[in-house]
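Residue numbers (this note's numbering): 22 to 172. Quick reminder that beta carbons are idealized off the backbone N, C-alpha and C, glycines included. Have a look at the structure below before the remarks.
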């Protein structure tokens, strides 16, 4: 059950990172740390590692608000002809989790924006870092040191 919380939250993070990388005109399938495989978003996997700790911290706190009745059991196919059971959050709790995750991405981080020096949201930081990384890869910047957010 709890593992599914992490899977869902990491997918939301991956989507935000993917969007930021595409905006920065980077190829999301060409990574550095994760292997380049057909149909694997390797650069997305690489880049989301920068923010995974924030998701982990968030979910550790969020999981304190849930209990066994917030999960439902589903039977589904796990392989050819075999079925298995899996725990999922109930629909209302899934909506609550998604709302809380959206609030997380809208929280201000301590890292200030390069353009105006003001505090920015986590989502804006992800977008800005993707742009800075793209500039480094294109040779428009000599270095790139990721700025990590604290919420």
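Beta strand (DSSP E) containing residue i: first to last residue?
| i | result |
| --- | --- |
| residue 109 | 103-110 |
| residue 79 | No beta strand (DSSP E) holds residue 79; the alpha helix (DSSP H) holding it covers 73-83. |
| residue 32 | Residue 32 -> not in any beta strand (DSSP E); alpha helix (DSSP H) instead, spanning 23-44. |
| residue 142 | 140-142 |
| residue 130 | 129-133 |
Excluding the 5 residues flanking residue i on each side, which residues of the same chain have their C-beta closer than 7 angstroms to its C-beta?
| i | result |
| --- | --- |
| residue 171 | 130, 131 |
| residue 38 | 65, 68, 69, 147 |
| residue 23 | 84 |
| residue 107 | 95, 97 |
| residue 53 | 67 |
| residue 42 | 49, 64, 65, 68, 151 |
By Cβ distance below 8 angstroms, which residues in the same chain neighbour residue i in space, the five residues on each side in sequence not counted?
| i | result |
| --- | --- |
| residue 156 | 162, 165 |
Between the options, which has its C-alpha nearest residue i's C-alpha?
| i | options | result |
| --- | --- | --- |
| residue 83 | 121, 50, 144 | 121 |
| residue 148 | 51, 94, 135 | 135 |
| residue 115 | 92, 97, 103, 107 | 92 |
| residue 28 | 124, 43, 77 | 77 |
| residue 45 | 119, 154, 81 | 154 |
| residue 30 | 123, 102, 107 | 123 |
Counting only C-beta atoms, is residue i closer than 8 angstroms to chain B at any point?
| i | result |
| --- | --- |
| residue 162 | The structure shown contains no chain B, having only a single protein chain. |
Along the chain, where does the alpha helix (DSSP H) that runs through residue i open and close?
| i | result |
| --- | --- |
| residue 65 | 63-69 |
Just grab the DSSP bridge partners of residue i for me.
| i | result |
| --- | --- |
| residue 95 | 107 |
| residue 100 | 103 |
Can you name, in chain order, every residue of its own chain whose Cβ lies under 6 angstroms from the Cβ of residue i, other than the five neighbours on each side?
| i | result |
| --- | --- |
| residue 127 | 142 |
| residue 168 | 132 |
| residue 152 | 45 |
Three or more C-beta pairs closer than 8 angstroms, one from the stretch 104-113 and one from the stretch 68-78: is that the case here? No, the stretch 104-113 is not in contact with the stretch 68-78.
For the stretch 34-48 against the stretch 59-69, are there 3 or more C-beta pairs whose distance is under 8 angstroms? With a cut-off of 8 angstroms, the stretch 59-69 and the stretch 34-48 count as touching, because enough Cβ pairs lie within range.
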